[in-house]
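Quick note: the sequence shown uses this note's numbering, first residue 70, plus one each step.
Built from N, CA and C at the ideal position, the CB exists for glycine as well.
Note sheet for the following structure.
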Amino acid sequence: MPWLSLRSNVPIVQKKFERLRRKIPLISRKRIYDAMVEIRHQMKVPGQKPSYPIQWDSDRQRKAFFASDGFGHGIPTQRSGTYTKAWMVSRVGDQGYDVGNPLAHAKFIGGTARSGRTQSRIHRGRWPLFYLVINSVLVKFPKKVKDSIVTIARQEGFRAE
70 MPWLSLRSNV PIVQKKFERL RRKIPLISRK RIYDAMVEIR HQMKVPGQKP SYPIQWDSDR
130 QRKAFFASDG FGHGIPTQRS GTYTKAWMVS RVGDQGYDVG NPLAHAKFIG GTARSGRTQS
190 RIHRGRWPLF YLVINSVLVK FPKKVKDSIV TIARQEGFRA E
């Protein structure tokens, strides 16, 4: 007597889906971290030397600079590297990461995350703008996350594109 016997491999597939489900948050956090490190890396690039005459924001700023001997720190003859060294990435709980520069004067060198309007004319065009660097890195972010998930899915035996 002929018969047909079918067996399911559902438990194996369920295990593969479960492993994939557990890896997705790890992939996302890793990609967020990678993006923040890339932003920090681009912001740490030192700006070009100033062009002369210096483009002061105001006459008052120029007078204050020279009257206070370089705002109290002496007129610099070489860069200290304080601004570039201060860029850092820090973890924010389980949600992700922050990238930034804690120096009070950092916004006048690289602008803010929302605009470049706070960047001083002295530094304009010479130092990377924070918000432009953020946009250039984050525009690639969704594709990198998707590619990572596809790679992990393929490792688990799924056909993914």
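Around ARG131, the same chain offers TRP125 as residues with beta carbons nearer than 7 Å, after the five sequence neighbours per side are excluded. A Cβ-Cβ separation of about 5 Å places LYS113 in contact with TRP156 under the 8 Å criterion.
In the three-state scheme derived from DSSP, where H, G and I count as helix and E and B as strand, ASP167 is classed as strand. Beta-bridge analysis with DSSP links VAL161 to GLY165.
The alpha-carbon separation between SER189 and PHE177 amounts to approximately 5 Å. Residue nearest to VAL202 within the set HIS174, ALA104, THR220 is ALA104 (criterion: CA-CA distance). Look at the stretch 165-227 and you find these whole runs of beta strand (DSSP E), each 3 residues long or longer: 165-169. In the DSSP assignment, LEU89 falls within the unbroken alpha helix (DSSP H) covering 79-112.
In this model, GLY162 and ILE191 are separated by some 37 Å (Cα to Cα). Counted as a single uninterrupted DSSP element, the stretch harbouring ARG148 is not any alpha helix (DSSP H), since DSSP gives it neither H nor E. Bounds of the alpha helix (DSSP H) holding GLN130 are 128-136.
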